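Engineer:
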Amino acid sequence: MKKKISRIFEIIYKGSIRVRIYGLFYLCYPILRFIPIKKNKIVIDNYWGKGYGDNAKYICNYLLSTDKKLDIVWLYEPQYVSSPENDFPMGIRYVKNRTFKSLFEMYTARIWIDNVRKNFSINKRKGQYYIQTWHAGFSLKNIERNVADKLPPRYVKRAIKDSEMCDLLIFESSDMIEDVPYTFWYEGPLYRKGIPRNDIIINPKPEVIDKVYSTYNISKAKKIVMYAPTFRQNYDLKIDSQFLKNVVSFLSEKFDEEYVMLVRLHPNDTKSKESIFQDTSFGNTIIDASSYNDMQELLCATDTLITDYSSTIGEMMVSEKKCFIYAYDYDQYMKDRGLLMDLSDLPFPISKNESELKKQINDFDNDEYLKTVRRFKKQHNVFESGHASEDIGNIILEQIES
Numbered sequence: 001m002k003k004k005i006s007r008i009f010e011i012i013y014k015g016s017i018r019v020r021i022y023g024l025f026y027l028c029y030p031i032l033r034f035i036p037i038k039k040n041k042i043v044i045d046n047y048w049g050k051g052y053g054d055n056a057k058y059i060c061n062y063l064l065s066t067d068k069k070l071d072i073v074w075l076y077e078p079q080y081v082s083s084p085e086n087d088f089p090m091g092i093r094y095v096k097n098r099t100f101k102s103l104f105e106m107y108t109a110r111i112w113i114d115n116v117r118k119n120f121s122i123n124k125r126k127g128q129y130y131i132q133t134w135h136a137g138f139s140l141k142n143i144e145r146n147v148a149d150k151l152p153p154r155y156v157k158r159a160i161k162d163s164e165m166c167d168l169l170i171f172e173s174s175d176m177i178e179d180v181p182y183t184f185w186y187e188g189p190l191y192r193k194g195i196p197r198n199d200i201i202i203n204p205k206p207e208v209i210d211k212v213y214s215t216y217n218i219s220k221a222k223k224i225v226m227y228a229p230t231f232r233q234n235y236d237l238k239i240d241s242q243f244l245k246n247v248v249s250f251l252s253e254k255f256d257e258e259y260v261m262l263v264r265l266h267p268n269d270t271k272s273k274e275s276i277f278q279d280t281s282f283g284n285t286i287i288d289a290s291s292y293n294d295m296q297e298l299l300c301a302t303d304t305l306i307t308d309y310s311s312t313i314g315e316m317m318v319s320e321k322k323c324f325i326y327a328y329d330y331d332q333y334m335k336d337r338g339l340l341m342d343l344s345d346l347p348f349p350i351s352k353n354e355s356e357l358k359k360q361i362n363d364f365d366n367d368e369y370l371k372t373v374r375r376f377k378k379q380h381n382v383f384e385s386g387h388a389s390e391d392i393g394n395i396i397l398e399q400i401e402s
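For the sequence shown, the positions run 1 to 402 when full-length UniProt numbering is used.
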């Protein structure tokens, strides 16, 4: 009963926020649309207010390196960014999202950069340029229009409007989704030569790897295996600490190296965190890395990935590092969500239980693995240029200077 009451209050609270935002928008729009656009202003929204990360981070890093006079504004939510003065680098102005100031910044910017759909009815002005970087990597699951019947009607309406405003869509290179414009209700230019956040995967920096090791106090003599399962409804992840300890042992025995495991769960999955990390007997062998703000940096430091249906398998393809798919709930997941390709057609060893995973690790042959991965990349056009951030950054500079 308490949970139901709490849920009702949560719905009312969120609804009141939505009403305030819409009200603010409709009150301000007649005024803001007459304020001149600032030609060198770029406004970024990462997952509706998250911190310095994803594709926009790497585009910004390039822009900051050019020493151009740019006004880069990052919209943030306090629930995601508790100390913005520490989260953002010099040269980035941070503004609290869903405020009058954030609306002012959006309506007076020359460039918008988002990785998700805009979450309320903002209208792009003439003279503004909107880049949608999208948030997913390698396409393993159906998205957007291809699953429109399973999406909330409100989202579909918002997505269509968002795509109509979009001037450039960045999307991964593979042929997994046959018709990208159709899938996104989109008719404009595409950039498909790589994903900005994956530049660091192609060109890993030693200082980034050192940062990850230092953050978690890991000896450089040890290898990192990361367990990164995809999101599940109700956060129903059926994994315990004993399984994870066993995986570390399997890898250590096979490759004659000492391994440490980083566990990367969905940020809101407190249920699984409590289940896994209530056992403290494994010390610093299994570490919670769910709150680390940049998945790409973790992947740079990772030697081996254990995952299931996550798009991070794309990063493992381009880096050609070891990846094992552990899909204990494959049949149910296919029934609930479905995939674009059967897991058996992917270039990674697949297992549905612990004994199968142990066998796949024991039987692993790196030469055969590389042949399989490279063949798949060639067949399905999985490609990263390594300079997507620079390409997109230069497009932005051209728009600003035009």
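Built from N, CA and C at the ideal position, the CB exists for glycine as well.
All of these numbers come straight from a predicted model, not from anything done at the bench.
Would you mind listing the beta strand (DSSP E) stretches within the stretch 291 to 332 that are 3+ residues and don't spill past its ends, in chain order?
Structural biologist: 304 to 307, 322 to 326
Engineer: In chain order, which alpha helix (DSSP H) runs of at least 4 residues are fully inside the stretch 25 to 77?
Structural biologist: 54 to 65
Engineer: What's the gap between the Cα of residue 274 and the Cα of residue 288?
Structural biologist: Locating residue 274 in the sequence shown gives position 274, counting from the first residue. Locating residue 288 in the sequence shown gives position 288, counting from the first residue. Residue 274 and residue 288: Cα-Cα distance of roughly 11 Å.
Engineer: Return the residue from the list 316, 207, 159 that minimises the CA-CA distance to residue 144.
Structural biologist: Along the sequence shown, one-based indexing puts residue 144 at 144. Of the candidates 316, 207, 159, the one whose C-alpha sits nearest the C-alpha of residue 144 is 159.
Engineer: If we ignore side chains and look at the alpha-carbon of each, how far apart do residue 65 and residue 391 end up?
Structural biologist: Walking along the sequence shown from the start, residue 65 turns up at place 65. Walking along the sequence shown from the start, residue 391 turns up at place 391. Distance between the alpha carbons of residue 65 and residue 391: 14 Å.
Engineer: Based on DSSP bridge pairs, tell me the residues matched to residue 109.
Structural biologist: Along the sequence shown, read from residue 1 onward, the residue named residue 109 stands at position 109. Answer by DSSP bridge pairing, in chain order: 38.
Engineer: How close, in whole Å, do the beta carbons of residue 228 and residue 305 come, if the pair is a contact with beta carbons under 8 Å?
Structural biologist: The residue labelled residue 228 in the question sits at position 228 within the sequence shown. The residue labelled residue 305 in the question sits at position 305 within the sequence shown. The distance from the Cβ of residue 228 to that of residue 305 is about 6 Å, consistent with a contact at the 8 Å cut-off.
Engineer: Leaving out five residues before and five after residue 220 in sequence, what residues of the same chain have Cβ atoms less than 7 Å from its Cβ?
Structural biologist: The count along the sequence shown starts at 1 and reaches residue 220 at position 220. Contacts found: 213.
Engineer: Measuring CA to CA, which of 323, 246, 32 is closest to residue 100?
Structural biologist: Taking the sequence shown and counting its residues from 1, one reaches residue 100 at position 100. Ranking the options by Cα distance to residue 100, first place goes to 32.
Engineer: State the start and end residues of the unbroken beta strand (DSSP E) segment that holds residue 228.
Structural biologist: Counted from its first residue, the sequence shown places residue 228 at position 228. Note, residue 228: beta strand (DSSP E), 223 to 228.
Engineer: May I ask which residues mark the beginning and end of the alpha helix (DSSP H) holding residue 199?
Structural biologist: By one-based count along the sequence shown, residue 199 stands at place 199. Residue 199 -> alpha helix (DSSP H) spans 199 to 202.
Engineer: For residue 52 versus residue 87, is the C-beta distance shorter than 8 Å?
Structural biologist: Along the sequence shown, one-based indexing puts residue 52 at 52. Along the sequence shown, one-based indexing puts residue 87 at 87. Contact flag set, yes.
Engineer: Just the C-alpha distance for residue 106 and residue 43, rounded to the nearest angstrom, thanks.
Structural biologist: Here residue 106 is taken as the residue at index 106 of the sequence shown, counted from 1. Here residue 43 is taken as the residue at index 43 of the sequence shown, counted from 1. Residue 106 and residue 43: Cα-Cα distance of roughly 6 Å.
Engineer: Would you call the stretch 361 to 379 and the stretch 159 to 169 touching, i.e. three or more CB-CB distances under 8 Å?
Structural biologist: no
Engineer: Going by Cα to Cα distance, which pick from 310, 278, 320 is closest to residue 340?
Structural biologist: Residue mapping note: residue 340 aligns to position 340 of the sequence shown, counting from 1. Per the Cα distances, 310.
Engineer: Pair every Cβ in the stretch 346 to 354 with every Cβ in the stretch 326 to 333, then say whether three or more of these pairs are closer than 8 Å.
Structural biologist: yes
Engineer: I'd like to know whether the C-beta atoms of residue 313 and residue 138 end up nearer to each other than 8 Å.
Structural biologist: Here residue 313 corresponds to residue number 313 of the sequence shown, with the count starting at 1. Here residue 138 corresponds to residue number 138 of the sequence shown, with the count starting at 1. Contact flag set, yes.
Engineer: Once the 5 residues before and after residue 93 are set aside, which same chain residues still bring their CB inside 6 Å of it?
Structural biologist: For this step, residue 93 is matched to residue 93 along the sequence shown. These residues qualify, in order along the chain: 73.
Engineer: Whole angstroms are fine: how far does the CA of residue 174 sit from the CA of residue 303?
Structural biologist: If you number the sequence shown from 1, residue 303 lands on position 303. If you number the sequence shown from 1, residue 174 lands on position 174. Straight-line Cα distance between these residues: approximately 24 Å.
Engineer: Using only CA atoms, which one of 248, 276, 332, 242 lies nearest to residue 223?
Structural biologist: Here residue 223 refers to the residue found at position 223 of the sequence shown. If we check each option's Cα against that of residue 223, 248 comes out closest.
Engineer: Can the beta-carbon of residue 161 be found less than 8 Å from the beta-carbon of residue 385?
Structural biologist: Locating residue 161 in the sequence shown gives position 161, counting from the first residue. Locating residue 385 in the sequence shown gives position 385, counting from the first residue. The answer is no: Cβ separation not under 8 Å.
Engineer: Whole angstroms are fine: how far does the CA of residue 358 sit from the CA of residue 111?
Structural biologist: The sequence position of residue 111 within the sequence shown is 111, counting from 1. The sequence position of residue 358 within the sequence shown is 358, counting from 1. When rounded, the distance between both Cα atoms is 50 Å.
Engineer: Between the Cα of residue 281 and the Cα atoms of 299, 240, 318, 255, which residue gives the shortest distance?
Structural biologist: As a working mapping, residue 281 is identified with position 281 in the sequence shown. Cα-wise, what sits closest to residue 281 is 240.
Engineer: How should residue 318 be labelled, buried or exposed, when 16 other C-beta atoms within 10 angstroms of its C-beta is the threshold for buried?
Structural biologist: For this step, residue 318 is matched to residue 318 along the sequence shown. Buried, because 16 or more other Cβ atoms sit within 10 Å of the Cβ of residue 318.
Engineer: If I follow the unbroken beta strand (DSSP E) through residue 132, where does it start and stop?
Structural biologist: Taking the sequence shown and counting its residues from 1, one reaches residue 132 at position 132. First-last of the beta strand (DSSP E) with residue 132: 129 to 132.
Engineer: Among residues of its own chain, excluding the 5 on either side of residue 296, which ones have a beta-carbon nearer than 6 Å to its beta-carbon?
Structural biologist: If you number the sequence shown from 1, residue 296 lands on position 296. Excluding positions up to five away in sequence, the list reads 197, 200.
Engineer: Under the rule that 16 or more other beta-carbon atoms within 10 Å means buried, what is residue 163, buried or exposed?
Structural biologist: For the purposes of this step, residue 163 is identified with residue 163 of the sequence shown, where counting begins at 1. Buried is the call here.
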